[in-house]
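Per our numbering, residue 55 is the first one in the sequence shown, and the count goes up by one each step.
Glycine included, every Cβ here is placed at the ideal spot set by N, Cα and C.
First comes the structure, then the notes that go with it.
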Amino acid sequence: DTYLSQFDRMRDLCRLDMRRESKASALLLQIKRSIVHASLNSVVNLISSSYVESFSADKKTNSDTFNESLSCDLHPVTGNILHCCKEMMGWVGPVYKKMLELAVELQVDVLSVVPANQEVLMHLVIENLLNGLEGRAAKFDENSKARSEKRAMNVKAHGMHELEDKVAEDYILSARKHLFMANNLYSMYIFIKDRKRDQTSNESSMGVQLLNNDLRRASSMNANAMNANKPFSKNKQIMAIADKIELRLKQEQTSFCERIASVMGLTPTEMAEFQVLHEKDKSGHGRALKAKFTLFNTGMEALRAQQGEWRVSSTGLREHMSAQLQDTVLPVYTEFYNTYAAVKFSKKHMDRYLRFPPAEVEWNLKTF
Numbered sequence: 055d056t057y058l059s060q061f062d063r064m065r066d067l068c069r070l071d072m073r074r075e076s077k078a079s080a081l082l083l084q085i086k087r088s089i090v091h092a093s094l095n096s097v098v099n100l101i102s103s104s105y106v107e108s109f110s111a112d113k114k115t116n117s118d119t120f121n122e123s124l125s126c127d128l129h130p131v132t133g134n135i136l137h138c139c140k141e142m143m144g145w146v147g148p149v150y151k152k153m154l155e156l157a158v159e160l161q162v163d164v165l166s167v168v169p170a171n172q173e174v175l176m177h178l179v180i181e182n183l184l185n186g187l188e189g190r191a192a193k194f195d196e197n198s199k200a201r202s203e204k205r206a207m208n209v210k211a212h213g214m215h216e217l218e219d220k221v222a223e224d225y226i227l228s229a230r231k232h233l234f235m236a237n238n239l240y241s242m243y244i245f246i247k248d249r250k251r252d253q254t255s256n257e258s259s260m261g262v263q264l265l266n267n268d269l270r271r272a273s274s275m276n277a278n279a280m281n282a283n284k285p286f287s288k289n290k291q292i293m294a295i296a297d298k299i300e301l302r303l304k305q306e307q308t309s310f311c312e313r314i315a316s317v318m319g320l321t322p323t324e325m326a327e328f329q330v331l332h333e334k335d336k337s338g339h340g341r342a343l344k345a346k347f348t349l350f351n352t353g354m355e356a357l358r359a360q361q362g363e364w365r366v367s368s369t370g371l372r373e374h375m376s377a378q379l380q381d382t383v384l385p386v387y388t389e390f391y392n393t394y395a396a397v398k399f400s401k402k403h404m405d406r407y408l409r410f411p412p413a414e415v416e417w418n419l420k421t422f
């Protein structure tokens with residue numbers, strides 16, 4: 055901004071003849087063009103880095119397969135793009151507008167791919183990022199070994215714990231895509247939530263200082279400048295994408311918790327199916343109860359096996375998902391356990407089936 059504001063004075067000093075350029079003034083003009091080109095080219099790079107292709111460059115494991123175990127956390131592409139967006143917010147408003155005007159004046163060749171204003175730019179980047187994340191999350195399904203949407207309660211093979219453990223592991227891993235999306239969406243949600251705040255109070259920021267300088271130097275541009283510097287929260291495009299991300303975040307959190315509950319056999323549908331099987335079980339061997347407790351136990355063990363592998367970096371998201379997971383799993387399991395734990399459905403191995411009292415389940419979910 056200092057260079058551009060002093061450009062005309064420095065250029066005049068370098069020209070002995072005002073009718074033609076000297077080598078020094080031509081060099082100053084080239085520097086000006088380079089500054090504008092570099093500034094707008096950073097916008098082009100930001101847009102291109104948010105495309106789906108950016109998420110296909112993940113490092114491979116030694117076996118050259120998709121490494122899912124480390125991919126549930128915030129993706130580096132998401133973190134980098136949001137960081138760039140935060141940095142860019144320091145020179146939005148008339149500064150962005152001024153760069154576009156200078157690009158026209160200097161015939162800079164990036165204009166065809168640069169959005170007309172910063173609101174459109176932010177909307178485009180966030181939409182691209184969301185689409186890229188969805189494409190990345192789809193890879194989890196491609197690599198999933200789960201054969202259907204939910205585990206079947208096997209009343210004939212209730213004693214085959216090793217088999218059930220392996221099946222539970224395959225199904226629990228199918229929840230990772232929801233955890234991945236929740237981690238990334240939460241960071242996007244926090245970013246947009248912060249941007250929606252009234253930024254006019256941040257008088258110490260560079261962007262506001264530049265804006266004030268522009269307004270003082272060009273009173274004829276006041277109306278346009280004020281329109282360009284409306285608070286981020288008033289932009290309809292950003293409000294729409296903010297609502298979309300918030301809704302999608304809630305859906306992914308719910309899907310994650312429901313998937314965990316399903317692996318443990320605790321969804322309303324699965325509990326209803328158990329009740330039908332239990333009422334039909336006239337063998338006197340408690341096969342339905344054995345199968346149901348085995349289903350839950352192996353599901354809980356599969357979840358505990360992910361301790362340290364699955365990460366939620368944000369404290370706010372971690373606490374919220376922990377509470378939601380408890381609300382989804384604990385009431386259903388507590389009612390089931392309290393109802394059937396007193397029933398003598400196994401002569402020798404009751405302790406094998408009653409491995410997880412509700413208090414222990416609650417502790418596991420709180421500390422996971």
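Contact under 8 Å by Cβ, residue i with residue j
i	j	result
M375	Q307	yes
L128	S309	no
R249	I295	no
L4	L379	Coverage of the chain is limited to positions 55 through 422, which leaves residue 4 absent and any answer about it impossible.
Q361	F410	no
L70	T132	no
G186	Y57	no
E312	T382	yes
A170	V90	no
R87	L160	yes
L94	V149	no
Identity of the residue in the options nearest residue i by Cα
i	options	result
S337	Y387, S400 and F194	S400
K290	A191, R341, N182 and V174	V174
E300	K346, A326, Y240 and H332	Y240
C126	A192, V98, V162 and V397	A192
Y225	K346, V149 and T352	T352
I314	K140, V167, V386 and V330	V386
H332	L81, V397 and W364	V397
N237	K220, A222, L303 and L100	L303
E355	A222, K298 and A377	A222
V415	M318, D297, L371 and F328	M318
F245	D297, K231 and F194	D297
Environment of residue i [buried if 16+ CB atoms lie within 10 Å]
i	result
K402	exposed
I180	buried
R201	Annotation note: pLDDT 48 at R201 (below 50); position unreliable, no value reported.
S123	Confidence is the limiting factor: at S123 the pLDDT is only 45, short of 50, which leaves the residue's position unreliable, though a coordinate-based value still follows. By the 10 Å Cβ count, S123 comes out exposed.
N283	Confidence at N283 is low in this model, with a pLDDT of 44, below 50, so its placement is unreliable and the value that follows should be read with caution. With 16 or more Cβ atoms within 10 Å of its Cβ, N283 is classed as buried.
Q172	buried
L320	buried
A229	buried
M142	buried
S79	buried
W364	buried
G370	exposed
R190	buried
S255	Confidence at S255 is low in this model, with a pLDDT of 44, below 50, so the placement of that residue should be treated as unreliable; the coordinate-derived value is given next. Exposed, by the Cβ-count rule.
H137	exposed
- Item | Contiguous alpha helix (DSSP H) assignments of at least 4 residues, all confined to the stretch 334-393 | Counting only runs that start and end inside the stretch 334-393, the alpha helix (DSSP H) elements of at least 4 residues fall at 341-358.
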